[in-house]
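Worksheet: one structure, shown below.
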Amino acid sequence: MSTILVLTNSSGGLYDFRNELLVRLLEHHRVVISLPDTTKVKELEEEGCEIITTPINRRGVNPKEDIKLFLEYRRLLKTIKPDLVITYTIKPNIYGGAACRFLRIPYIATITGLGGAFDRKGLFLKMIITMYREGLRKAECVYFQNTENMDIFKGYGIKGKKERLVNGSGVNLTRHRFEEYPKEGKTTFLFVGRVMKERGILEFLEASVRLHRENIEFAILGYCDENYQELLNEYEEKGIISQWGFHTEVHPFLAKSSAIVVASFHEGMSNALIEAAATGRPVIASNISGCKEAFEEGATGFGFTPGDADDLIRAMENFLSLSKEGQAAMGKAAREKMEREFDRNMVIDAYMEEVDKICLASIRER
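Numbered by our numbering, the letters in the sequence shown go through residues 55 to 420 in order.
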């Protein structure tokens, strides 16, 4: 039995989007997970995973903290002696990858998105490029979730031994089952995601003001990640928006909505978008890599330019011009696209191909 160590920055993200891979790994391997929080630890342990708590400052850029994280990963690798390491998200990819390279332990990395890091200029950009190069250059395989991210890395000479493209984390078509389209009531545009500027919250709020009508609801599902709570409360008091809060189980809320709005400036692959489409809901989505792969213009949703409230409103008005039957047909087409292209089992198979090859090679070397 091989030992596989998973390095990630969130138990919730790991469990919600990659748990099916963990279950597959547990069939033949010991699985140890390093993560910073306890949100889904109970569920992961019940399945058979071993959990180690490793603090991570997800958004901070503090050299002392980052060196400490690298040293902690190196200590962890020496203690556990894994046959393979799988890393997700920026800091585990960079510092976990560097620690694996230092100790000559095989590892696989996944680029789940770039955020705004590569929009920067000057010294900060050079630092990010250097860190990624050092973290990934000995990776057995680097998985990308959209072609734009892959091309950006290639352009900067950031590469592992091999690259593969997958459709995000895929979507669990059973958990996010098809739901019949709402036939009555208000048209509900549901914003799903963290409430922050880069997720397009300001454009969504502007659209909610300008399209405000008795028969249209603008709802927000997600926690406030930046200082917008007072503004949200003000809009809700005026009856312009509804706050549905933060929930770990989003499916019932997707089912209540008429269309999902994903207004992000950057995405690896939008899980909110593909989960909504799997539920049978049309999407209003940013025309960016990480979104545009998962919808078809005019068939399963409408795209718009991120950061452009006028264009978001145009896309919403296109949706509102459809009959209920037309909206329902769009939702059905969205589900069919997910079944054809985004079944999570396809993504898991792509990972298991590399895992099996690496673990087999490790066994032969013993």
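Backbone N, C-alpha and C fix where the C-beta goes; we use that ideal spot for every residue, glycine too.
Treat the numbers as computed from the prediction; the structure is a model and nothing was measured.
For the beta strand (DSSP E) containing residue i, list its first residue and its last residue.
i	result
Val246	241-246
Cys195	195-198
Ser299	First, the amino acid is wrong: residue 299 is Gly here, not Ser. Its beta strand (DSSP E) spans residues 296-299.
Arg218	217-219
Glu271	270-275
Ala163	161-165
Ala326	No beta strand (DSSP E) holds Ala326; the alpha helix (DSSP H) holding it covers 325-333.
Ala313	313-316
Leu308	Per DSSP, Leu308 belongs to no beta strand (DSSP E); it is in the alpha helix (DSSP H), 305-310.
Which residue comes first and which comes last in the alpha helix (DSSP H) that contains residue i?
i	result
Ile58	Run containing Ile58: none in the alpha helix (DSSP H); it sits in the beta strand (DSSP E), 56-61.
Tyr210	Run containing Tyr210: none; DSSP gives neither H nor E here.
Leu259	255-264
Ile182	176-190
Val77	65-80
Leu286	283-291
Please list, in chain order, all residues of the same chain as residue i whose beta carbon is under 8 Å from its beta carbon, the five residues on each side excluded.
i	result
Lys180	none
Phe124	Tyr149, Ala152, Ala153
Leu168	Asn203, Ile206, His320, Gly322
Ala404	Tyr197, Arg218, Val220
Gly214	Ala163, Leu190, Arg191, Lys192, Ala193, Glu194, Cys195, Val196
Considering only residues of the same chain and omitting the five flanking positions on each side of residue i, which have a CB-CB separation below 6 Å?
i	result
Arg253	Gly247, Ser318
Ala387	Ala353, Thr354
Tyr197	Thr164, Arg218, Val220
Glu74	Arg398, Ile402
Phe396	Asn221, Gly224, Val225, Ile328
Glu104	Val86
Phe243	Phe272, Ala313, Val315
Glu257	Ala317, Ala363, Leu366
In chain order, what residues of the same chain have a beta carbon less than 7 Å from the beta carbon of residue i, not counting five sequence neighbours either side?
i	result
Asn325	Phe71, Gly222, Ser223
Gly385	Tyr235, Gly334, Arg335, Pro336
Val263	Ile294
Glu329	Val225, His230, Val304, Leu308
Thr166	Tyr142, Thr143, Gln199, Gly322
Phe300	Gly276, Tyr277
Phe282	It should be noted that the sequence gives Tyr, not Phe, for residue 282. For Tyr282, where only same-chain residues beyond five positions count, the Cβ hits under 7 Å are Val249, Ile255.
Thr93	Ser65, Gly66
Arg78	Ile402, Met406
Assuming residue i and residue j make a contact with CB atoms under 8 Å, what is their CB distance in whole Å?
i	j	result
Ile13	Val86	No answer is possible for residue 13: the residues shown for the chain start at 55 and end at 420.
Thr354	Lys391	6 Å
Phe156	Arg128	6 Å
Leu285	Gln297	So it is not a contact: roughly 11 Å between Cβ atoms.
Phe245	Arg389	Rounded, the Cβ-Cβ distance is 21 Å, inconsistent with contact.
Ile212	Ile183	7 Å
Val249	Asp279	6 Å
Thr241	Leu374	7 Å
Phe356	Ala331	Not a contact, Cβ separation roughly 13 Å.
Pro160	Ile412	5 Å
Leu259	Glu393	Between Glu393 and Leu259 the Cβ distance is about 34 Å, and since that is not below 8 Å, they are no contact.
Lys216	Glu194	7 Å
Leu80	Gly102	5 Å
Task: Unbroken stretches of the alpha helix (DSSP H), 4 residues or longer, contained in the segment 337-386 - done: 363-374
Open item on the list: At 3 residues or longer, what runs of the beta strand (DSSP E) sit wholly inside the segment 86-120?
Closed with: 104-107
- [ ] Would you check if the segment 59-67 and the segment 132-150 touch, i.e. whether three or more CB-CB distances between them fall below 8 Å?
- [x] The count of Cβ pairs closer than 8 Å, one atom from the segment 132-150 and one from the segment 59-67, reaches three, so the stretches are in contact.
Task: Touch test, the segment 194-203 against the segment 337-353, Cβ-Cβ under 8 Å, three pairs minimum - done: yes
Task: Segment contact flag, the segment 116-123 with the segment 65-84, C-beta cutoff 8 Å, min 3 pairs - done: no
TODO: Mind listing, in chain order, the continuous beta strand (DSSP E) runs of no fewer than 3 residues lying wholly within the segment 130-160?
DONE: 138-142, all fully within the segment 130-160.
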